[in-house]
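**Q** Counted the way our numbering counts, the sequence shown spans residues 140 to 277.
Idealized CB from N, CA, C, for every residue including glycine.
Treat the numbers as computed from the prediction; the structure is a model and nothing was measured.
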Amino acid sequence: FCLQAQSPSIDAFFQKYLEKEKVTEFDLNGFLLQLEGKTKDLESRISKLRGLIIGENDQVAKTDIQSLLKGVQGEKFESLIKVRHEKQIVEILVKDSGDVLTDALLLVNDEDQFVLIALEGSLRFEDLQHLDFDMSEL
């Protein structure tokens with residue numbers, strides 16, 4: 140395990156939106172994760188998985204998203220990929236220590252909802268291809 144504090148920028152974003160209507164939050168420590176199949180061996184390398192799903196995107200101020208991105212970039216997160224399709228934007232940012240990813244941040248922003256998933260742990264880049272989050276279950 141790579142134990143560290145959650146990003147201050149991510150924490151601030153969570154605190155701001157946590158109590159709003161139509162917001163779903165989940166916060167799992169590594170030992171609570173139930174992964175299956177080829178992702179099963181990742182359980183021991185994920186120390187925390189935290190997510191925020193905001194049901195109406197208009198609740199999220201663009202300036203707050205920009206502030207979050209600027210904040211995590213100041214905390215040494217780097218953009219791994221950014222995809223824009225029509226009105227949907229998906230971005231993955233990561234923070235590493237050598238060959239090991241210590242943090243990953245997934246942002247999905249579309250006209251219907253905003254999703255933020257923050258992962259802490261000790262993963263290799265190739266581990267990311269095995270992660271599969273089914274957001275329809277939440």
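Going by Cα to Cα distance, which pick from T202, K201, L258 is closest to Q145?
**A** Here residue 145 is taken as the residue at index 6 of the sequence shown, counted from 1. In terms of Cα proximity to Q145, the closest of T202, K201, L258 is L258.
**Q** Could you give the C-beta distance for Q252 and I192, rounded to a whole number, given that I count them as a contact under 8 Å?
**A** As a first step, residue 252 is located in the sequence shown; it is residue number 113 there, counting from the start. As a first step, residue 192 is located in the sequence shown; it is residue number 53 there, counting from the start. Correct: roughly 6 Å between the Cβ atoms.
**Q** Would you say L240 and L232 are within 7 Å of each other, going by their C-beta atoms?
**A** Stepping through the sequence shown from its first residue, residue 240 is reached at position 101. Stepping through the sequence shown from its first residue, residue 232 is reached at position 93. No, the pair does not count as a contact, with Cβ atoms beyond the cut-off.
**Q** Going by C-alpha to C-alpha distance, which of D249, L167, D238 sits closest to R189?
**A** The count along the sequence shown starts at 1 and reaches residue 189 at position 50. That would be L167, whose Cα lies nearest to the Cα of R189.
**Q** When the Cα atoms are used, what is the spatial distance from S186 to I256?
**A** Walking along the sequence shown from the start, residue 186 turns up at place 47. Walking along the sequence shown from the start, residue 256 turns up at place 117. Each residue's Cα considered, the two are about 14 Å apart.
**Q** Just curious, the alpha helix (DSSP H) that Q212 is in, first and last residue?
**A** As a first step, residue 212 must be located in the sequence shown, where it is residue number 73. Unbroken alpha helix (DSSP H) run through Q212: 201-213.
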